[in-house]
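This report refers to the structure that appears directly beneath it.
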Amino acid sequence: MTDPSERSDPADGERSLPGVGLVKGLAVTLKTMTRRSATQQYPDVAPALPPRSRGVIALLAENCTVCMLCARECPDWCIYIDSHKEEVVVPGAARARQRNVLDRFDIDFSLCMYCGICIEVCPFDALYWSPEFEYAEYDIKDLLHDKDHLGEWMGTVPPPPAHDPNGEPAKEETAAARKAAIPANPAERPAVTPPRSTERPAAAPARSTERPAAAPARPAEQPPPRPGPRPAGDTATGEGPTP
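Following my numbering, the numbering of the sequence shown begins with 16 at its first residue and continues without gaps.
Quick look at the structure:
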(Lines of atoms letter the chains of each structure in order from A and count residues from 1; the text may use other names and numbers.)
(Lines give C-alpha, C1' and ligand atoms only; values in the text may rest on other atoms or scores of the structure.)
Protein backbone atom coordinates (compact mmCIF):
# COMPACT_ATOMS: atom_id res chain seq x y z
CA MET A 1 0.00 0.00 0.00
CA THR A 2 1.11 3.55 -0.67
CA ASP A 3 1.23 6.12 2.10
CA PRO A 4 -1.23 8.92 1.35
CA SER A 5 1.38 11.46 2.45
CA GLU A 6 3.75 10.27 -0.29
CA ARG A 7 1.25 10.74 -3.10
CA SER A 8 1.83 13.70 -5.44
CA ASP A 9 -0.63 16.52 -5.35
CA PRO A 10 -2.45 16.62 -8.71
CA ALA A 11 -3.00 20.33 -8.21
CA ASP A 12 0.75 20.94 -8.43
CA GLY A 13 1.42 21.24 -12.11
CA GLU A 14 5.23 21.18 -11.84
CA ARG A 15 5.31 17.83 -10.07
CA SER A 16 2.82 16.29 -12.38
CA LEU A 17 4.81 17.14 -15.53
CA PRO A 18 7.33 14.42 -16.42
CA GLY A 19 10.97 15.39 -16.88
CA VAL A 20 10.93 18.49 -14.65
CA GLY A 21 13.72 17.11 -12.45
CA LEU A 22 15.86 16.27 -15.46
CA VAL A 23 15.53 19.78 -16.82
CA LYS A 24 16.56 21.29 -13.48
CA GLY A 25 19.59 19.03 -13.30
CA LEU A 26 20.70 19.94 -16.81
CA ALA A 27 20.29 23.61 -15.97
CA VAL A 28 22.75 23.24 -13.09
CA THR A 29 25.16 21.39 -15.36
CA LEU A 30 25.02 24.11 -18.03
CA LYS A 31 25.55 26.78 -15.39
CA THR A 32 28.72 25.16 -14.03
CA MET A 33 30.09 24.48 -17.52
CA THR A 34 30.39 28.21 -18.15
CA ARG A 35 32.44 28.81 -14.99
CA ARG A 36 36.17 28.38 -14.66
CA SER A 37 37.24 25.20 -12.86
CA ALA A 38 38.96 25.66 -9.48
CA THR A 39 40.27 22.11 -9.25
CA GLN A 40 44.04 21.83 -8.79
CA GLN A 41 45.52 19.34 -11.21
CA TYR A 42 47.62 17.30 -8.79
CA PRO A 43 50.37 16.10 -9.23
CA ASP A 44 51.05 18.47 -12.12
CA VAL A 45 50.26 21.45 -9.91
CA ALA A 46 51.63 21.46 -6.35
CA PRO A 47 48.99 22.22 -3.72
CA ALA A 48 49.22 25.40 -1.67
CA LEU A 49 49.55 24.05 1.88
CA PRO A 50 49.15 26.17 5.03
CA PRO A 51 52.38 26.99 6.88
CA ARG A 52 51.55 24.72 9.84
CA SER A 53 50.73 21.60 7.84
CA ARG A 54 51.54 18.28 9.50
CA GLY A 55 53.19 16.33 6.73
CA VAL A 56 56.21 14.53 8.15
CA ILE A 57 58.53 14.95 11.14
CA ALA A 58 62.01 16.26 10.37
CA LEU A 59 65.04 15.80 12.64
CA LEU A 60 67.90 18.19 13.36
CA ALA A 61 70.40 15.69 14.79
CA GLU A 62 72.83 18.41 15.95
CA ASN A 63 70.33 19.62 18.54
CA CYS A 64 69.41 16.19 19.89
CA THR A 65 70.86 15.46 23.35
CA VAL A 66 69.29 11.98 23.70
CA CYS A 67 67.09 13.08 26.58
CA MET A 68 64.50 10.44 25.52
CA LEU A 69 61.56 12.76 26.22
CA CYS A 70 60.06 12.27 22.77
CA ALA A 71 60.29 8.48 22.98
CA ARG A 72 58.76 8.38 26.48
CA GLU A 73 55.89 10.74 25.66
CA CYS A 74 54.98 9.13 22.33
CA PRO A 75 51.56 7.47 22.79
CA ASP A 76 52.25 4.98 19.95
CA TRP A 77 55.84 4.10 20.93
CA CYS A 78 56.97 4.59 17.34
CA ILE A 79 60.28 6.38 18.11
CA TYR A 80 63.42 4.28 18.57
CA ILE A 81 66.60 5.90 19.93
CA ASP A 82 70.05 4.41 20.62
CA SER A 83 73.14 6.27 21.79
CA HIS A 84 76.49 5.89 23.51
CA LYS A 85 78.62 8.10 25.76
CA GLU A 86 81.95 9.66 24.90
CA GLU A 87 84.46 11.46 27.09
CA VAL A 88 85.31 15.03 26.22
CA VAL A 89 88.58 16.43 27.62
CA VAL A 90 88.13 20.05 28.69
CA PRO A 91 91.35 22.06 29.19
CA GLY A 92 91.70 23.11 32.79
CA ALA A 93 89.02 20.76 34.08
CA ALA A 94 89.77 18.31 36.87
CA ARG A 95 88.26 15.38 35.00
CA ALA A 96 86.90 14.61 31.56
CA ARG A 97 83.25 15.20 30.81
CA GLN A 98 80.82 12.85 29.14
CA ARG A 99 78.34 13.57 26.39
CA ASN A 100 75.71 11.49 24.62
CA VAL A 101 76.25 10.67 20.95
CA LEU A 102 73.17 9.81 18.88
CA ASP A 103 73.52 6.50 17.05
CA ARG A 104 69.95 5.75 15.98
CA PHE A 105 66.80 7.84 15.68
CA ASP A 106 64.04 6.06 13.79
CA ILE A 107 60.35 6.90 13.45
CA ASP A 108 57.87 4.31 12.26
CA PHE A 109 55.29 6.32 10.32
CA SER A 110 53.08 3.27 9.94
CA LEU A 111 52.30 3.66 13.66
CA CYS A 112 52.57 7.45 14.00
CA MET A 113 49.26 9.27 14.41
CA TYR A 114 50.77 12.76 13.86
CA CYS A 115 49.76 14.12 17.26
CA GLY A 116 52.84 16.35 17.50
CA ILE A 117 53.58 15.54 21.16
CA CYS A 118 57.21 14.66 20.40
CA ILE A 119 57.76 18.06 18.78
CA GLU A 120 56.16 19.94 21.66
CA VAL A 121 58.09 18.19 24.45
CA CYS A 122 61.52 18.45 22.77
CA PRO A 123 63.44 20.97 24.93
CA PHE A 124 66.20 21.61 22.38
CA ASP A 125 64.18 22.10 19.14
CA ALA A 126 65.45 18.96 17.43
CA LEU A 127 62.11 17.97 15.83
CA TYR A 128 60.08 20.05 13.37
CA TRP A 129 56.96 19.71 11.26
CA SER A 130 57.56 19.55 7.52
CA PRO A 131 54.74 20.03 4.98
CA GLU A 132 56.23 17.22 2.87
CA PHE A 133 53.62 14.47 2.46
CA GLU A 134 54.77 12.55 -0.61
CA TYR A 135 56.53 9.65 1.09
CA ALA A 136 54.14 6.76 0.36
CA GLU A 137 55.67 3.31 0.04
CA TYR A 138 54.54 0.03 -1.49
CA ASP A 139 55.79 -1.94 1.53
CA ILE A 140 54.82 -1.01 5.08
CA LYS A 141 58.31 -1.89 6.28
CA ASP A 142 59.72 1.00 4.25
CA LEU A 143 57.83 3.53 6.42
CA LEU A 144 60.48 3.14 9.13
CA HIS A 145 62.74 6.14 8.43
CA ASP A 146 66.15 6.59 10.03
CA LYS A 147 67.86 9.78 11.18
CA ASP A 148 69.52 10.37 7.81
CA HIS A 149 66.19 10.32 5.99
CA LEU A 150 64.58 12.48 8.68
CA GLY A 151 67.45 14.94 8.35
CA GLU A 152 66.86 15.31 4.61
CA TRP A 153 63.39 16.71 5.31
CA MET A 154 64.87 19.64 7.27
CA GLY A 155 65.28 21.46 3.96
CA THR A 156 61.51 21.51 3.49
CA VAL A 157 60.74 22.98 6.93
CA PRO A 158 59.33 26.51 6.43
CA PRO A 159 60.80 29.39 8.43
CA PRO A 160 58.95 30.40 11.57
CA PRO A 161 56.31 33.11 11.19
CA ALA A 162 57.27 36.67 11.96
CA HIS A 163 56.53 38.08 15.38
CA ASP A 164 53.63 40.39 15.93
CA PRO A 165 54.97 43.96 15.56
CA ASN A 166 52.66 45.09 18.35
CA GLY A 167 53.70 42.28 20.69
CA GLU A 168 56.61 41.96 23.07
CA PRO A 169 59.99 41.07 21.53
CA ALA A 170 61.46 37.67 22.19
CA LYS A 171 63.93 37.19 25.04
CA GLU A 172 66.67 36.25 22.59
CA GLU A 173 66.21 39.48 20.66
CA THR A 174 66.24 41.56 23.84
CA ALA A 175 69.41 39.86 25.09
CA ALA A 176 71.14 40.29 21.71
CA ALA A 177 70.23 44.00 21.55
CA ARG A 178 71.49 44.55 25.11
CA LYS A 179 74.73 42.74 24.32
CA ALA A 180 75.26 44.75 21.13
CA ALA A 181 74.77 48.03 22.99
CA ILE A 182 77.68 47.28 25.37
CA PRO A 183 81.02 48.44 23.85
CA ALA A 184 83.76 45.85 23.50
CA ASN A 185 86.44 48.12 25.11
CA PRO A 186 86.07 48.13 28.90
CA ALA A 187 87.42 51.70 29.07
CA GLU A 188 84.54 52.96 26.95
CA ARG A 189 81.89 51.38 29.13
CA PRO A 190 80.03 53.92 31.24
CA ALA A 191 80.46 53.64 34.96
CA VAL A 192 77.30 52.40 36.54
CA THR A 193 76.63 54.04 39.90
CA PRO A 194 73.82 52.89 42.10
CA PRO A 195 71.05 55.50 42.47
CA ARG A 196 71.16 57.41 45.73
CA SER A 197 68.04 57.34 47.78
CA THR A 198 66.55 60.73 48.71
CA GLU A 199 64.74 59.38 51.74
CA ARG A 200 66.42 60.02 55.10
CA PRO A 201 66.83 56.99 57.31
CA ALA A 202 64.58 56.87 60.32
CA ALA A 203 66.24 58.07 63.52
CA ALA A 204 67.03 55.42 66.08
CA PRO A 205 65.05 55.67 69.32
CA ALA A 206 66.89 57.52 72.13
CA ARG A 207 68.31 55.36 74.84
CA SER A 208 66.94 55.96 78.30
CA THR A 209 69.44 57.11 80.98
CA GLU A 210 67.33 55.93 83.90
CA ARG A 211 68.58 52.81 85.55
CA PRO A 212 65.99 50.13 86.12
CA ALA A 213 64.89 49.56 89.70
CA ALA A 214 66.75 46.85 91.52
CA ALA A 215 64.83 43.68 92.03
CA PRO A 216 64.02 42.80 95.66
CA ALA A 217 66.43 40.41 97.27
CA ARG A 218 65.17 36.91 97.52
CA PRO A 219 65.24 35.40 101.05
CA ALA A 220 67.88 32.82 101.60
CA GLU A 221 66.49 29.37 101.57
CA GLN A 222 67.04 27.46 104.81
CA PRO A 223 68.00 23.84 104.51
CA PRO A 224 65.39 21.39 105.79
CA PRO A 225 66.02 20.00 109.34
CA ARG A 226 67.91 16.80 109.53
CA PRO A 227 65.93 13.85 110.94
CA GLY A 228 66.99 12.70 114.47
CA PRO A 229 65.90 10.16 117.09
CA ARG A 230 62.45 10.71 118.46
CA PRO A 231 62.23 11.19 122.26
CA ALA A 232 60.61 8.51 124.41
CA GLY A 233 56.93 8.93 124.95
CA ASP A 234 56.50 11.08 121.87
CA THR A 235 53.93 9.06 119.95
CA ALA A 236 51.05 9.97 117.80
CA THR A 237 48.53 9.19 120.59
CA GLY A 238 50.37 11.19 123.28
CA GLU A 239 50.64 8.18 125.60
CA GLY A 240 53.77 6.84 127.14
CA PRO A 241 55.77 3.91 126.05
CA THR A 242 54.08 0.56 126.23
CA PRO A 243 55.60 -1.90 128.71
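Each residue gets a CB set at the ideal place from its N, CA and C atoms; glycine is no exception.
Report the rounded CA-to-CA distance for Tyr153 versus Pro176, giving the unit in angstroms. For the purposes of this step, residue 153 is taken as residue 138 along the sequence shown, with counting starting at 1. For the purposes of this step, residue 176 is taken as residue 161 along the sequence shown, with counting starting at 1. Cα to Cα, Tyr153 sits roughly 35 Å from Pro176.
Residue from Asp118, Lys100, Val103 and Cys133 whose Cα sits closest to the Cα of Cys85: Translated into the one-based positions of the sequence shown, residue 85 becomes position 70. Nearest in C-alpha terms to Cys85, of all of Asp118, Lys100, Val103 and Cys133, is Cys133.
8 Å Cβ shell around Ser68 - same chain, five flanking residues per side excluded: Residue numbering aside, residue 68 sits at position 53 when the sequence shown is read from its first letter. For Ser68, the CB contacts under 8 Å within the same chain, skipping 5 residues up- and downstream, are Trp144, Pro146 and Phe148 in chain order.
Is it the case that the segment 157-170 contacts the segment 72-90, given that we only count it when at least three CB pairs across the two stretches are under 8 Å? yes
Tell me, which residues are paired with Asn115 by DSSP? Along the sequence shown, one-based indexing puts residue 115 at 100. In the DSSP output, where bridge partners are listed per residue, Asn115 has Lys100.
Stretch-stretch touch, CB-based, cutoff 8 Å, three pairs: the segment 118-129 with the segment 93-103: yes
From Arg110, Met128 and Arg51, residue whose alpha carbon lies closest to that of Cys89: Counted from its first residue, the sequence shown places residue 89 at position 74. Minimum Cα distance to Cys89 is reached at Met128.
Cβ-Cβ distance between Gln56 and Pro62 below 8 Å: Counting from one through the sequence shown, the residue named residue 56 turns up at place 41. Counting from one through the sequence shown, the residue named residue 62 turns up at place 47. Contact: no.
If you measure between the beta carbons of Arg87 and Val103, is that distance less than 8 Å? By 1-based counting over the sequence shown, the position of residue 87 is 72. By 1-based counting over the sequence shown, the position of residue 103 is 88. No, Cβ-Cβ distance for Arg87 and Val103 is not below 8 Å.
Taking C-beta to C-beta, are Leu13 and Asp157 nearer than 8 Å? With the chain represented from 16 up to 258, any question about residue 13 goes unanswered, as that position is not in the structure.
Rounded separation between Pro198 and Ala53 - CA only: Taking the first residue of the sequence shown as position 1, residue 198 is located at position 183. Taking the first residue of the sequence shown as position 1, residue 53 is located at position 38. For Pro198 and Ala53, the distance between alpha carbons rounds to 58 Å.
What does the alpha-carbon distance come out to for the pair Leu137 and Gly70? Here residue 137 corresponds to residue number 122 of the sequence shown, with the count starting at 1. Here residue 70 corresponds to residue number 55 of the sequence shown, with the count starting at 1. Going by the sequence as given, residue 137 is Cys instead of Leu. Answer to the nearest angstrom: the Cα atoms are 18 Å apart.
Exposed or buried, Ala141, counting other C-beta atoms within 10 Å across all chains shown (16 or more means buried)? As a working note, residue 141 is residue 126 in the sequence shown. Classification of Ala141: buried, given that the 10 Å Cβ count is 16 or more.
So, helix, strand or coil for Ala61, using DSSP? Sequence index remark: in the sequence shown, residue 61 carries index 46 (1-based). Here Ala61 sits in coil by DSSP.
Strand pairing of Ala73, partner residues [DSSP]: Here residue 73 is taken as the residue at index 58 of the sequence shown, counted from 1. Note: Ala73 sits in a beta bridge opposite Tyr143.
Buried or exposed (CB count within 10 angstroms, at least 16 for buried), Ile72: Numbered from 1 along the sequence shown, position 57 holds the residue referred to as residue 72. Buried, since its Cβ has 16 or more Cβ neighbours within 10 Å.
Excluding the 5 residues flanking Lys100 on each side, which residues of the same chain have their C-beta closer than 8 Å to its C-beta? Position 85 of the sequence shown holds residue 100. Cβ neighbours of Lys100 beyond the five flanking positions: Gln113, Arg114, Asn115 and Val116.
Rounded to whole angstroms, how far is the Cβ of Phe139 from the Cβ of Thr80, which I believe are closer than 8 Å? As a position in the sequence shown, residue 139 is number 124, starting the count at 1. As a position in the sequence shown, residue 80 is number 65, starting the count at 1. Indeed they touch by this definition, with Cβ atoms about 6 Å apart.
Considering Thr189, what are the terminal residues of the alpha helix (DSSP H) in which it resides? As a first step, residue 189 must be located in the sequence shown, where it is residue number 174. Thr189 -> alpha helix (DSSP H) spans Lys186 to Ala196.
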